[in-house]
Amino acid sequence: MKNLSIVGKFAALLAVFGVFTLGVATYSASQISKIDESYTDLLRHDSIAALALGKADKAFENGRAAIGDLLMLTDDALNAKAIKELKDAHDAFLGDMDRAVAAAPQEATLVDLKAAGLNVLDNVCKLTIQKAMVATIAADVAASQAIFLRDCQPQFPALSVKISEAAKRLEDQVGIRNHDLSDLSQDTIRMTFAIIVAGLLVVMTASFFAIRAWLVQPIKQLAATMVQLANGDLAVPVAGADRKDEVGSMAKAVQVFKDNGLRARQVEAEASAMRDQSEREREHNAAVQRARSEEMATATSNLAGGLQRLSTGDLTFQLSEPFARDFESLRSDYNAAADQLRQTLAAVAEATGSIDSGTREISLSADDLSKRTEQQAASLEETAAALDEITTNVANASKRTDEARLLAKQANESAVQSGIIVAGAVEAMHKIENSSQQISSIIGVIDDIAFQTNLLALNAGVEAARAGEAGKGFAVVAQEVRELAQRSAQAAREIKELIRNSSVEVEGGVKLVSQTGDALKTIESYIVEINRHMEAIATSAREQSIGLSEVNMAVNQMDQVTQKNAAMVEESNAASATLATEVGRLRSLVSQFRLEMTEATHAVRKTGDNALAIGPKLAWSRRL
């Protein structure tokens, strides 16, 4: 990483964050796809099988009801209607069981239940149905009812219980798989959020330490090295000269500054040695060296003045006056060293400008990220409030649906009770009809007895007439008996006529009560269907309430993550402020040297101004 530029280092951090984000998205997509496939399989098999079994049970009960209607009816039109209802119930049971077997082939008991149901409808109840279809008198109806109660009726409750148990078993399996899928969804949500939070913490922490290790600490070391060099400590090592980024360029410039200082010190030492040598040789060559001494004094004085200006930081000073031929190289070396040192510091100033530009970009990006984070936190808060209100409304709707379902259940129970009462009324009507028929038979016997009595009285009158005076009293008695017999016959005929009218009225009442029972059964089936729909609506409302609660919890977790992101942005702002402060210190050190008014000098001054401006701004951002 030492060979990458500052922009390259930040690009590498962003690349790591992008790879992490892609990994999280891939994981979430795979889990969601798995859950979707499981839900699809659940809806296509077990749920369809459970619904089909419920419909098959209802069709089976409808078949029993149709057989019961067929047993109670003697009218051909009503019999045809009951036979059609029985056929429809048979076809519906067969179709629903076929769908259940196809949807849940692993349930071997469904095939047995299907065969048992068809056996009851086609074989066990076959004789009952045949006798009921041809029954036209009460005796035949009673016989078919006896066969129905003995052979057919007991088969329906037991098989209906088995079908209900199979449907309940499939519904329990659906509930278990649904609960497992809900747990998997919750685990996926929690795992995704945990990975996001952990990844953000790792990336932000790594970014903080990377910026500190790659930029802040090397710049601090260079600043400390330059302070020591400015204080005259030329033995201090320059760290980072082997780097190939902007920090490496600064370190190389500082190394050149150090080398020039060493060369200047060497030049000064050589000048001192030359002065000593001149002093020793002056006694031997006083006359020859007097002129040279003046030249040397001039050169030394000028060189000392230049070194003094150099020690004060003035790098623009040049020895323009030519020295003697022997000392001209000294002036050239001094001028070259000062020029090289000036170029080195100019390069340092340019590098400082580049760092300042990068610092300002980081500051602006962090500020922009902070604003977006605050906006996102506000949006999440509004979303959480809206979801709370929606959750409350859905819960109220679910409560009202449960109340409506309870009312529908009570209405169903009332309809069932009414059906039982109507069935009792029909049975009572049939008993009254049977009693009327028996009374008619008895009246017929009485009519026959009256007819025979009349004949006997007539014969007795004839015999009394034959007896003459002795038979007159017996003739009177026979006449009275005959009149009583005639009145008895007349009364019997009148009673028989009344009983026949009563039978007609009773038969009409039986039809009306039967129609009332059919209407109540229809109402009962509608109420059962309404109750089933209300149950589905209540279940859906409860599931929506649970889903909205989970979404609300997820939004609250996202709000917490957003707040943590805002805290990390503040830490990044703090790191940028530290970097700006160090750049300002570096600018202060470079400003100690007087350079020519070039672009580098303007960059140094601009860097100092920007550092002064960025520092308070970042501090204010931290307070916010």
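Per our numbering, the very first residue in the sequence shown carries number 1353; after that it's consecutive.
For each residue, glycine too, the CB sits at the ideal point set by N, CA and C.
This structure is a prediction, so every number in the text was calculated from the model and none was measured.
query                                                                                                          : result
Inter-residue spacing [alpha-carbon to alpha-carbon] between T1711 and S1537                                   : 44 Å
Sequence-distant residues of the same chain with beta carbon closer than 6 Å to T1950, five excluded per side  : Here the model assigns T1950 a pLDDT of 49, short of 50, so the residue's position is not dependable, and the following value carries that caveat. Closer than 6 Å at the Cβ level, and outside the excluded window around T1950, lies no residue.
First and last residue of the uninterrupted alpha helix (DSSP H) at F1500                                      : Counting along the chain, F1500 falls outside any alpha helix (DSSP H), and DSSP gives it neither H nor E.
Terminal residues of the alpha helix (DSSP H) in which G1584 lies                                              : Looking at the DSSP string, G1584 is not in any alpha helix (DSSP H), and its letter there is neither H nor E.
Exposed unless 16 or more other CB atoms sit within 10 angstroms - verdict on H1531                            : exposed
contact_flag[the segment 1434-1452, the segment 1502-1512] where n(CB pairs < 8 Å) is 3 or more                : no
Beta-carbon proximity check, L1423 vs V1513, cutoff 9 Å                                                        : no
Buried or exposed by the 16-neighbour rule on C-beta atoms within 10 Å, applied to S1681                       : exposed
Top-ranked residue by Cα proximity to A1434, from N1925, D1421, D1535, K1916                                   : D1421
For A1550, the nearest candidate out of G1861, I1795, V1376, I1851 (CA to CA)                                  : V1376
Contacting residues, own chain, Cβ-Cβ under 7 Å from G1415 (five flanking each side not counted)               : L1438, A1441, H1442, F1445, L1473
DSSP-derived helix/strand/coil call for F1675                                                                  : coil
DSSP state of P1509 mapped onto helix, strand, coil                                                            : helix
Assigned secondary structure, P1457 (DSSP; H/G/I helix, E/B strand, else coil)                                 : coil
Proximity of A1408 and A1455 at Cβ, strictly below 9 Å                                                         : no
Identity of the residue in M1543, A1738, E1523 nearest I1384 by Cα                                             : M1543
Residue burial classification, T1696 (beta-carbon count within 10 angstroms, cutoff 16)                        : buried
Separation of E1523 from H1782, as counted between CA atoms                                                    : 44 Å
Exposed unless 16 or more other CB atoms sit within 10 angstroms - verdict on I1898                            : exposed
Pair within 9 Å by beta-carbon distance, S1924 and F1560                                                       : yes
Contact under 9 Å by Cβ, L1552 with M1920                                                                      : yes
Residue from V1555, I1515, G1705 whose Cα sits closest to the Cα of A1468                                      : I1515
S1715 beta carbon less than 9 Å from that of S1928                                                             : yes
Other residues of its chain near Q1692: CB distance less than 6 Å, five sequence neighbours each side excluded : N1612
Minimum C-alpha distance to I1541 - residue among Q1912, S1496, M1905                                          : M1905
Length of the line joining the Cα atoms of G1831 and D1800                                                     : One point to set straight first is that residue 1831 is Gln, not Gly, in the sequence displayed. Cα to Cα, the separation comes out at about 18 Å.
C-alpha distance - P1674 paired with A1688, whole-angstrom precision                                           : 14 Å
Burial state of L1405 (16 or more Cβ within 10 Å)                                                              : buried
Nearest to R1615 (by Cα), restricted to the options D1678, A1690, M1578                                        : A1690
DSSP state of N1637 mapped onto helix, strand, coil                                                            : coil
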